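Visitor: Residues in the sequence shown are numbered from 934 upward in steps of one, following this note's numbering.
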Amino acid sequence: VKASLACNIVNTDSVTELLNKVQEMFQKILESMALKLRSQEEEGIQLIHSAQERLGEFVHTVQSCVLIFPAVYQGIISSLLAAVVVEINCSLKKKVSNTEELITPKTFLDLPPLSSVLMAIVNK
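#1: Taking the straight line between their C-alpha atoms, what separation do you get for Val-915 and Leu-1044?
#2: Return yes when the Cβ of Met-1052 is within less than 8 Å of the Cβ of Val-1017, no when it is not.
#3: With a threshold of 16 other CB atoms inside 10 Å of the CB of Val-995, please say whether the residue is buried or exposed.
#4: Rounded to a whole number of angstroms, what is the C-alpha to C-alpha distance between Ser-1030 and Asn-1022?
#5: Flag this pair as yes or no: are the beta carbons of Pro-883 and Ile-978 separated by less than 8 Å?
#6: Which of the three DSSP states, helix, strand or coil, is assigned to Thr-1037?
#7: Would you identify the three-state DSSP class for Val-1029, choosing helix, strand or coil?
#8: Quick check: Lys-969 and Glu-975, are their CB atoms within less than 8 Å of each other?
#9: Excluding five sequence neighbours on each side, which residues of the same chain lie with their C-beta closer than 6 Å to the C-beta of Phe-1041?
#10: Exposed or buried, Ile-1009, counting other C-beta atoms within 10 Å across all chains shown (16 or more means buried)?
Okay, structure coming up:
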């Protein structure tokens, strides 16, 4: 994304195609992290925390390009928020049988692991 901003954008079709691929890859990365978290929770949590800094850098780069590439920004933020909603929904479904475990989150740390990291990134 930064490279696209730094150079003269001559072929907008190529740039659009590239940015669409970036969005797709980002969504696949989030899906992979969520699957790892479900199948192997401890390893999934380690993966999320090891990727947090780079994910944050990527999201902040996308946020800085909102005026130039609004569709990319919208796609990335939509993927982030969808991942948060899906994880919270799954977490709530597990806890429905025991309503005592249901608490209203007061901070991002009270959210499930992936949601906690993603919301902290968006909030920075």
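Here a beta-carbon is modelled for each residue, glycine too, at the ideal position from N, C-alpha and C. Since the structure is predicted, the reported quantities are computational estimates derived from the model, not experimental observations.
Guide: Inspection of the coordinates gives the following:
#1: Nothing can be reported for residue 915, as the shown portion of the chain is limited to 934 through 1057.
#2: In the sequence shown, the residue the question calls residue 1017 occupies position 84. In the sequence shown, the residue the question calls residue 1052 occupies position 119. Closer than 8 Å, so yes.
#3: Along the sequence shown, read from residue 1 onward, the residue named residue 995 stands at position 62. It is buried - the Cβ of Val-995 has at least 16 other Cβ atoms within 10 Å.
#4: Residue numbering aside, residue 1030 sits at position 97 when the sequence shown is read from its first letter. Residue numbering aside, residue 1022 sits at position 89 when the sequence shown is read from its first letter. Computed Cα separation, rounded: 14 Å.
#5: Shown here, the chain extends from 934 to 1057; a query on residue 883 therefore has no answer.
#6: What you label residue 1037 is simply residue 104 of the sequence shown in a count that begins at 1. In the structure shown, Thr-1037 sits in coil (DSSP, three-state: anything other than H, G, I, E or B).
#7: Against the sequence shown, residue 1029 aligns to sequence position 96. DSSP places Val-1029 in coil when its eight states are reduced to three.
#8: Your numbering for residue 969 matches position 36 in the sequence shown. Your numbering for residue 975 matches position 42 in the sequence shown. Against a cut-off of 8 Å, the Cβ pair of Glu-975 and Lys-969 comes out as no contact.
#9: Reading the sequence shown from its first residue, position 108 is the one you call residue 1041. Correct list, in chain order: Ser-1049, Met-1052 and Ala-1053.
#10: Taking the sequence shown and counting its residues from 1, one reaches residue 1009 at position 76. Buried, since its Cβ has 16 or more Cβ neighbours within 10 Å.
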